[in-house]
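Only one structure is covered here, and it is reproduced in the block below.
Chains as they are written, first to last, in the working numbering: chain A, 78 to 206; chain B, 890 to 1182.
Following this line, the structure appears as structure tokens:
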């Protein structure tokens, strides 16, 4: 990421090298999203009666309902349990995505640049008559 | 315009224009001034170039940067949140650094075009002055020398210079077009992407919004990367063209300076002052109709 660092510090670098680095970063991020979308993540409602399985992209794959829930829950409680399970599974997907993104940015050693390195030039240009 | 035969007009020959009026007077064999051709003073080319170079900038570039900057800040914020992080921010810097003021090239195009026009009109003035006014009316060694000078020296040098001005004007126009197209493409991409990225950044607390932001930022960064890469390729192609132009300018320099090096002094391209030497003037300049008289 030599060229990336050069441009972020307001220095000139190799444009072709920068584009290669950026495309590598975009490709790595796309691979990460693809891998996440193929993962299966489970979530369970508060009672533990219903378990939902969703993909990393949030698509519902299936539900598992404890046989005892058929006896203990009426149709209203069952509906709430299913919603809770799906919500929990999708919430876990978000947490998985957040964790994966943290690892991804840590792998690239991102230290966000302090502000816009071109700000002084832009301000100087805009001040000109 | 004519002068009485007792007061012949001054024959103002090339190579001796240092003093006196800045006009070339053309006389017939009787010494009557037929017409006068304006000869630009030595400094006028520089003055004209300077005036063209200081032509008013329409403010395009400043307006572009002023409009682009808020869009850049929105996309930078969204890119930082997308996970593309410093890579996207670096590409934003590269894309912005490569923006240029196309009117700098427009001005240079006009300067070279004006120079080309002045060179061609100067060459035509000399050519037609000789073949319409001098050649039919005068003969003798000086007239022949002047003829050879016009045919093989002045015309060749002018044509070389005119060729360079034409190609430089064309190269400057191409660069003006490419820089303008790049500026407008970058601005168009930011203008189209910034509102979407800003909205998605606001939605990124939700996983679906986060994924959408990452995807959209990826599309934006890829498109911006392609633009910058294409512009870099075009830049390299023009470097090659300008290198060829430099070689042609070296050729022109070789025609005007000893060994093509200004430090070694100019070649003597002036017409010998002997053509106007009063002692021999009647031998050198003979009226073409003298035999008929």
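In this text, a Cβ means the ideal position worked out from N, Cα and C, and glycines have one as well.
Source: prediction; values computed, not measured.
Quick one: measure Cβ to Cβ for residue 129 of chain A and residue 163 of chain A, integer angstroms, because I've assumed they're closer than 8 Å.
4 Å
Nonlocal neighbours in the same chain, by C-beta distance under 8 Å from residue 1183 of chain B, ignoring five residues either side:
Here chain B has residues from 890 to 1182 only, and residue 1183 of chain B is not among them.
Please work out which residues of its chain come closer than 8 Å, Cβ to Cβ, to residue 174 of chain A, disregarding the five sequence neighbours upstream and downstream, and give them in chain order.
113 and 133
Compute the distance between the beta-carbons of residue 131 of chain A and residue 155 of chain A, then report whether it is under 9 Å.
no
Quick one: give me the first and last residue of the beta strand (DSSP E) that residue 132 of chain A is part of.
127-132
Among residues of its own chain, excluding the 5 on either side of residue 1143 of chain B, which ones have a beta-carbon nearer than 6 Å to its beta-carbon?
1149
When the Cα atoms are used, what is the spatial distance from residue 122 of chain A to residue 139 of chain A?
14 Å
According to DSSP, residue 121 of chain A sits in a beta bridge with which residue or residues?
A/128
For residue 992 of chain B, decide whether its Cβ has a neighbour in chain A, counting only Cβ atoms nearer than 9 Å.
no
Going by DSSP, which residues form a beta bridge with residue 997 of chain B?
According to DSSP, residue 997 of chain B bridges with nothing at all.
Would you verify that the beta carbon of residue 978 of chain B is, or is not, closer than 9 Å to some beta carbon of chain A?
yes
Strictly under 9 Å for the Cβ-Cβ distance: is residue 205 of chain A near chain B by that measure?
yes
With three or more C-beta pairs closer than 8 Å as the rule, is the region 1109-1121 of chain B touching the region 1062-1074 of chain B?
yes
For the beta strand (DSSP E) that residue 137 of chain A lies in, which residues bound it at each end?
137-142
Does the region 1027-1045 of chain B come close enough to the region 970-983 of chain B that 3 or more CB-CB pairs lie under 8 Å?
no
Of all the CB atoms in chain B, is at least one closer than 9 Å to the CB of residue 92 of chain A?
yes
Per the contact definition of three or more C-beta pairs closer than 8 Å, is the region 1087-1096 of chain B in contact with the region 1033-1044 of chain B?
no
Rounded separation between residue 144 of chain A and residue 180 of chain A - CA only:
39 Å
Would you check if the distance between the CB atom of residue 1053 of chain B and the CB atom of residue 1138 of chain B is smaller than 9 Å?
yes
Secondary structure of residue 204 of chain A, DSSP reduced to three states:
helix
Determine the direct distance from the alpha carbon of residue 1086 of chain B to that of residue 171 of chain A, and round the result to whole angstroms.
19 Å
Spatial distance of residue 1088 of chain B from residue 1101 of chain B (CA atoms)
10 Å
For residue 135 of chain A, which option in A/183, A/125 and A/115 has the closest C-alpha, if you only look at C-alpha atoms?
A/115
Which same chain residues end up closer than 7 Å to residue 1147 of chain B when comparing Cβ atoms and leaving out the 5 residues on each side of it in sequence?
1153, 1154 and 1156
Answer yes or no: do residue 1107 of chain B and residue 973 of chain B have a C-beta to C-beta separation smaller than 9 Å?
yes
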